[in-house]
Structure formats: C-alpha cells, structure tokens
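In this text, residue positions in the sequence shown follow the working numbering: the first is 14, and each later residue adds one.
Note that the Cβ used here is the ideal one computed from N, Cα and C, for glycine as well.
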Amino acid sequence: MVPELRIRTVNEAAIRPGGRFVLYWMVAHRRLRWNFALQRACEEARRLRLPLMVFEPLRAGHRWASARFHQFVLQGMRDHAEALRRGPARYLPYVEPEPGAGKGLLRHLAEGAALVVTDDYPAFFLPGMVRSAGEALDVRLEAVDSNGLLPIRAPEREFTTAYSFRRGLQKMLPAHLLQTPEPDPLGNGLPEWPGGAGADPLRLPSLAGPAGASEPGGPAVRWKEADLDRLLSDGGLSGLPIDLDVGPTALPGGPVAARRALVAFVEERLHRYGEDRNHPDRVGGSGLSPWLHWGHLSPHEVFDAVAGREGWTPLRLADRADGKRHGWWGMSESTEAFLDELVTWREIGFNTCVARPDDYFRYTSLPEWARTTLAEHAEDARPHLYDLERFDAAETHDPLWNAAQRQLRGEGVIHNYLRMLWGKKILEWSPSPEAALDVMIELNNRYALDGRDPNSWSGIFWVLGRYDRGWPERPVYGKVRSMSSDSTRRKVDLNQYLERYGL
C-alpha cells in the first residue's frame, strides 16, 4: 500500500460512482516502475474493479521548452507505449502542437473517470497546474509523492544547511526506508478494458472533443494522440512551437536508457565514486541526474541497486543522528559518498521547494547572512564583466569556464565539480549577485537536461550561500564561499576535459 503521508487530496470532489476507469495523469514521475503514484492508481483500480488509463501529456507553452527536452521526454513516451502495447493499461500520449492546445483534454478524459491520480512534484509550473486541475475537475484528484526516499511532507520545517538536513534524515528516514514502491505496480493484474487494451468505450483513440475540425465520416476531433514515431524521426519536432536552437543531445531519454545507465554505474564506477567523482578525466560520477529529473528513474530503484550491491540491510544503520556524512549507512565509503549526494543533497532541494513554494527561486529567499555580505561587496571592482550573451556563447577569458559552458550547451550536462565553479565565476563576473542569479537560472534552465528541478535550484542557490556557512571574506564574494579556476586545475584531473571542450 502507498503510505498515506505520500497521498495528498487536491480537491474536495468525491470518487465518481459509475466511473468507467481510473485515470493516472503522468506529469513528473514518468515511469512505469518504482512509482508510488502509478501504484496508487493501480491499487484504486483494483479496489474499484475498473481498468486503468495512463495519460502522459507534454506541453509546449512553458518557458524553456525546446527540442532537447522534448526529445528526451518523447523517448520515454516511446518506452511506455511499447511496454503497454498489449496492456495491462491503456496508454495515451499527447504532445501539444501549439501552446494551450491541450486545454480541456484532462477534463474531457476525467469525465469518464472514477478517480484521477497525478504526481506530487513541488517545482516549476507543475504545482500551479495541478492546483488548477483540482479546481476544474468534478472528480477526486489525488497527488502522490514519489520524489525521494523521504516523503516530501515528512519534515515539519525547512532545513537551511546540509548538516541540519542530514541530521534530520538520520532521525526520520529509518521509519520510511522499508516503505518502498512496488518495482512493477502493473504486474499484479488489473481489470481489463472491455474488448482488450486496444479498445476504448469512450472512443478516446480519436480523442473526440466538443469542438474542432471534423474527420471525414467521423466525429469532431479536438485532440490527437501523439504519433511518437513521427515526432522522433528526423525533423519530427520542427513543426512544434519550441526552441529548436537548443537541439537534442546524444544522451537518450526514457526508463530503458535510465536503467542501462544505472546498471553501468553500479557495476563499473560506484566502487571508485568517492575517489574519482570530482575528477572530470576519470569519469567517476553517476551521471543519473537527467533521468532522475524527468522521472524516468526512481531514487528508490537507485537505492535498491546500490544497497543490493553492498548486501545491505537496515540493521547496518548506525544508532545516531550526528549529521556526519560517513558511517551512518553502514556501507562502503564510496557508496556512502554517493548516497549523500542522492539523498542529502538531492532531497534538501525538495525540502526547500515544499517549505517555501512562493520564493524558492527568488534572490530574497537566500539566508540573511548571505544577502548581507553580498550587499556589502556589491560595489567591489569585478576583475571581468560579462553579460548573458557573452556567457552563453562561452566568450570569457577563462578556458576552463568556457569548456564547462560548451559542455552544457552541447551535451546538456556539466561535470558536477565544474558546475560549482561555473556558478561561482558567474557570480564573480556579473555586475551584481542578482544579475548573476538571473544568468545562472537562464543558462541552466535553457540547456541542462536536469534543469528546473529542486536539486538544480538548490545547486544554483548554493553558489550564493544557501545551505552553506560564512567563509573568510573576499572581494565580490564577501563571506560566501569562493572558487577559482587555478585552484581547480591544481586539485582535479582535467587535461582531457580541456582537450575535448576547449578550443
């Protein structure tokens, strides 16, 4: 059963008597495995003895929508379509041909539903979208949290440092570690659609709506099911109103690619993660953040794979909550270093988004000490000044920073250690910390495959002092932690990195 703490009722409507199916509106946890939201929809479908429909839409009108992100999501949709081709649920992918074209589609589908279940995700435009849907639907809408190992509503306060959050995790997490989602929630049998998975009593394959163009000899059609093969063919995205200049990368999206990447990391690099992750030339990081962001990969599945490799059981957990990074899990040093990134540093971003939903993305949300020290140094002379266009084009004086920006533009990722340096130098080379924040948000969210994520927002704001403490005072930075390219060159191996991404 899905833990009650992970289920949030969005509206006051009741389960509809006489509903013909349960509808899962997949918007953030875009996967068919290890997914509490899908599990909840399956559990309710079995309880109500109704078939299940999985509806996965992709909007076009939001900021930073691009060919890069569309292709990544569409590749996941193709995985889902293939997995559900013969059941056990009806799968309906929809891609907006123009901004706002999908308006009314959810309500149209929900007219035949007994219950609508969706994903509870605390960032970007999704909270507002789910809230608006709850107001529009006349059937119960539930939002289910499958974001991390700790339920996002388990903490009763905001944690302002990684140390305090780690202590909180060590107190709270043991009660939730064994409450994991089912690896295959669809595998326990579901009521079948009348006539089989391909049949639909609501004529939904044609998405007949109340208005729109008419097909010869058929009903009025307002919405069309996505033609995934066409959209993923060469030039298939060219007709969509998205940023085509931010093109797809070589990194494939979807749960199939995500699981392949997870297996490769656990088998080939996890054992050396602690020693090699900060060195670009050693390729020691996990590289999983794009799939985690788009919901193609579950953090529970990642934890299961890592813990399984260690032969771990909860009995190894240390009976303490001291906030130390190592020794609490009872696993190897490299594995504990990875879990600190997967759990502490990833999930503290979710905590911030839940605790302060109206301003987690604003400069004013920074801790007072950081805003004070940055204001005191706002008039300091900057060694270099660049605007958004120069940063975007990787036209600074620093070959290492330019290489990191080229990796971001071309591949949709930056090596994690260099991502910190990337942000710190934007702060140093911008006319004000507020201007630096604007540049980081724009470049990260425009190009990064894991941008617009709570974990991504936490990384950006860490550059400006969030989750950190005061350091020795320096020009421009004040007491905010500084970084330099010269020091980075001395600390990490990156000659091959510079050869690959430098000029």
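Pull up the DSSP beta-bridge partners for T365, would you.
Here residue 365 is taken as the residue at index 352 of the sequence shown, counted from 1. Partner(s): none; T365 has no beta bridge.
Helix, strand or coil at A331 according to DSSP, with G and I counted as helix
In the sequence shown, counting from the first residue as 1, residue 331 sits at position 318. The answer is coil: DSSP assigns A331 none of H, G, I, E or B.
On a CA-only basis, which of R482, R98, R103 and L45 is nearest P64? Give me that one, please.
As a position in the sequence shown, residue 64 is number 51, starting the count at 1. Nearest option by C-alpha distance: R103.
For a test of the three-state rule: what should DSSP assign to P196, helix, strand or coil?
In the sequence shown, the residue the question calls residue 196 occupies position 183. Reduced to three states, the DSSP call for P196 is coil.
In terms of alpha-carbon separation, which member of V40, E441, G423 and A350 lies closest to S495?
Translated into positions along the sequence shown, residue 495 becomes position 482. The candidate whose alpha carbon is nearest that of S495 is E441.
When DSSP labels each residue in this structure, what does A226 get in the three-state scheme?
Here residue 226 corresponds to residue number 213 of the sequence shown, with the count starting at 1. In this prediction, A226 has a pLDDT of 42, which is less than 50 and means its spatial position is unreliable; nothing more can be read from the coordinates.
Under 8 Å: do the region 481-495 and the region 385-399 share three or more Cβ pairs, one atom per stretch?
yes
Could you tell me the alpha carbon to alpha carbon distance between Q84 and P254, rounded to whole angstroms?
As a first step, residue 84 is located in the sequence shown; it is residue number 71 there, counting from the start. As a first step, residue 254 is located in the sequence shown; it is residue number 241 there, counting from the start. Cα to Cα, Q84 sits roughly 14 Å from P254.
Beta-carbon separation of L379 and R479 under 8 Å?
Reading the sequence shown from its first residue, position 366 is the one you call residue 379. Reading the sequence shown from its first residue, position 466 is the one you call residue 479. Yes, the pair counts as a contact, with Cβ atoms nearer than the cut-off.
Less than 8 Å between the C-beta atoms of R131 and W47, yes or no?
For the purposes of this step, residue 131 is identified with residue 118 of the sequence shown, where counting begins at 1. For the purposes of this step, residue 47 is identified with residue 34 of the sequence shown, where counting begins at 1. The identity of residue 131 in the sequence shown is Thr, whereas the question assumes Arg. Contact: no.
According to DSSP, which residues form a beta bridge with T22?
Position 9 of the sequence shown, counted from the start, is the residue given in the question as residue 22. T22 is bridged to E155.
Here's a check: name, in chain order, each residue in its chain whose Cβ is nearer than 6 Å to the Cβ of F351, leaving out the five neighbours to either side.
By one-based count along the sequence shown, residue 351 stands at place 338. So the list reads Y286, once near-sequence residues are dropped.
Closest by C-alpha distance to L40, when choosing among F34, N160, E95 and R33:
Position 27 of the sequence shown, counted from the start, is the residue given in the question as residue 40. Per the sequence shown, residue 40 should be read as Val rather than Leu. That would be N160, whose Cα lies nearest to the Cα of V40.
Tell me the start and end of each unbroken beta strand (DSSP E) in the region 62-87 that is at least 3 residues and wholly inside, in chain order.
65-71
Can you tell me whether DSSP reads L105 as helix, strand or coil?
What you label residue 105 is simply residue 92 of the sequence shown in a count that begins at 1. In this structure, L105 counts as strand in the three-state DSSP scheme.
Taking the Cβ atom as the reference point for each residue, do A80 and G260 lie within a distance shorter than 8 Å?
Along the sequence shown, one-based indexing puts residue 80 at 67. Along the sequence shown, one-based indexing puts residue 260 at 247. Their beta carbons are under 8 Å apart, which means A80 touches G260 by this criterion.
Taking just the CA atoms, how far does P446 sit from W470?
The residue given as residue 470 occupies position 457 in the sequence shown. The residue given as residue 446 occupies position 433 in the sequence shown. Going by the C-alpha atoms only, they are around 16 Å apart.
Reference F404; option with closest CA among Q418, E392 and A391
The sequence position of residue 404 within the sequence shown is 391, counting from 1. Checking every option, the nearest Cα to that of F404 belongs to Q418.
Whose C-alpha, out of Y373, P303, G515 and P168, is nearest the C-alpha of N415?
To locate residue 415, count along the sequence shown from 1; it is residue 402. When each option's Cα is compared against that of N415, the closest is G515.
Using three-state DSSP, classify F34 as helix, strand or coil.
Numbered from its first residue, the sequence shown carries residue 34 at position 21. Note: F34 maps to strand in three-state DSSP.
What are the partner residues of Y480, as DSSP defines its beta bridges?
Working through the sequence shown from its first residue, we reach residue 480 at position 467. Its beta-bridge partners are T174.
Hey, how far is the Cα of V129 from the Cα of V35?
Looking up residue 129 in the sequence shown gives position 116. Looking up residue 35 in the sequence shown gives position 22. Between V129 and V35, the C-alpha separation is close to 6 Å.
Touching by the beta-carbon criterion (3+ pairs, under 8 Å), the region 455-469 and the region 357-364
yes
My assumption, with CB atoms under 8 Å, is that R199 sits in contact with P106. Please give the rounded CB distance.
Taking the first residue of the sequence shown as position 1, residue 199 is located at position 186. Taking the first residue of the sequence shown as position 1, residue 106 is located at position 93. Contrary to the premise, residue 199 reads as Leu rather than Arg in this sequence. About 16 Å; that fails the 8 Å criterion.
By the DSSP assignment, the alpha helix (DSSP H) with A126 in it spans what residues?
In the sequence shown, residue 126 corresponds to position 113, counting from 1. Looking at the DSSP string, A126 is not in any alpha helix (DSSP H); the run it does join, the beta strand (DSSP E), is A126 to D132.
Can you confirm whether the region 113-129 touches the region 56-63 when touching is taken to mean that 3 or more C-beta pairs between the two stretches lie within less than 8 Å?
yes
What are the boundary residues of the alpha helix (DSSP H) that includes R432?
Taking the first residue of the sequence shown as 1, we reach residue 432 at position 419. It spans N429 to E441 - the alpha helix (DSSP H) in which R432 sits, taken as one unbroken run.
Does the region 139-157 come close enough to the region 165-181 to have 3 or more Cβ pairs within less than 8 Å?
no
To the nearest angstrom, report how far apart A449 and V476 are at their CA atoms.
Counting from one through the sequence shown, the residue named residue 449 turns up at place 436. Counting from one through the sequence shown, the residue named residue 476 turns up at place 463. Distance between the alpha carbons of A449 and V476: 10 Å.
Determine the direct distance from the alpha carbon of G472 to that of Y510, and round the result to whole angstroms.
Position 497 of the sequence shown, counted from the start, is the residue given in the question as residue 510. Position 459 of the sequence shown, counted from the start, is the residue given in the question as residue 472. Rounded to whole angstroms, Y510 to G472 spans 22 Å at the Cα level.
For G248, count the other beta carbons within 10 Å of its own beta carbon; 16 or more makes it buried, fewer makes it exposed. Which is it?
The residue you call residue 248 lines up with position 235 of the sequence shown. Burial call: exposed.
Measuring alpha carbon to alpha carbon, tell me which of W77, V152, K437 and V279 ends up nearest G31.
Position 18 of the sequence shown, counting from 1, holds the residue named residue 31. For G31, the nearest C-alpha among the options comes from V152.
Assumed close pair R53, V15 - CB separation to whole angstroms, cut-off 8 Å
Translated into positions along the sequence shown, residue 53 becomes position 40. Translated into positions along the sequence shown, residue 15 becomes position 2. That belief holds up - the Cβ atoms of R53 and V15 are roughly 5 Å apart, short of 8 Å.
With a threshold of 7 Å on Cβ separation, who are the neighbours of A318 within its own chain once the five nearest residues in sequence on each side are excluded?
Position 305 of the sequence shown, counted from the start, is the residue given in the question as residue 318. Excluding sequence neighbours, A318 sits near L275 and V279.
The region 83-98 in contact with the region 238-245 per 3-pair CB rule at 8 Å:
yes
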